[in-house]
Amino acid sequence: MEGYELLRILWAVFLGTFLIIAGLLTSKAKDEPGIGFRIGYTYLSERVRRRANRISGIGTIITGPLMALSPSPDKLAGDTPARLLGTTILLAYLAAKHGYELEELSKEVPGKRGEL
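First residue of the sequence shown: 2, per our numbering; consecutive thereafter.
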């Protein structure tokens, strides 16, 4: 095993460990403004923020071991970790959008002013 190959394996283990820690922080983030999945929808609703953080945190935690244990850091196990992270981001975005839209639709319509 050459030094360069060992360095690439250590880098993959480091990235995998980092993803696991980031996923744990994201899924457990309470009211931290700088931790978690943050898009416009998550700033508008607390319930939507918790759901999006939970989805993105679980996906990131699952991606961490795949990254750390990939047999070949060059190929990253067939790009599975990168695709899984992309899917996680997409699912968290769609969950946040859907949750916010449902929350907006569930609000009562204000009464009419001055009926004729």
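In this text, a Cβ means the ideal position worked out from N, Cα and C, and glycines have one as well.
The model shown is predicted, which means the values in this text are computed figures rather than measured ones.
Rounded straight-line distance, which links the Cα of residue j to that of residue i
i: Ser28; j: Arg51; result: 8 Å
i: Ser107; j: Pro82; result: 37 Å
i: Trp12; j: Tyr5; result: 10 Å
i: Tyr44; j: Lys98; result: 12 Å
i: Gly24; j: Leu8; result: 24 Å
i: Glu102; j: Glu3; result: 54 Å
Residue i in three-state terms, based on DSSP
i: Ser71; result: coil
i: Lys29; result: helix
i: Glu3; result: coil
i: Ile21; result: helix
i: Ile36; result: coil
i: Lys108; result: coil
i: Ser57; result: helix
Residues of its chain near residue i, where Cβ-Cβ distance is below 7 Å and the 5 sequence neighbours each way are ignored
i: Val14; result: Ala69
i: Tyr42; result: Val49, Ala97, Lys98 and Tyr101
Beta-carbon proximity list for residue i, same chain, < 8 Å, skipping 5 on both sides
i: Glu33; result: none
i: Ile40; result: Ala53, Tyr94 and Ala97
CB-CB length for residue i against residue j, believed under 8 Å
i: Ser57; j: Ala30; result: Wrong, their Cβ atoms sit about 10 Å apart, outside the cutoff.
i: Gly60; j: Leu85; result: 7 Å
i: Arg48; j: Glu104; result: 7 Å
i: Ile62; j: Ile21; result: 6 Å
Other residues of its chain near residue i: CB distance less than 6 Å, five sequence neighbours each side excluded
i: Leu26; result: Ile36
i: Phe38; result: Ala53, Asn54, Ser57 and Ala93
i: Leu16; result: Met68
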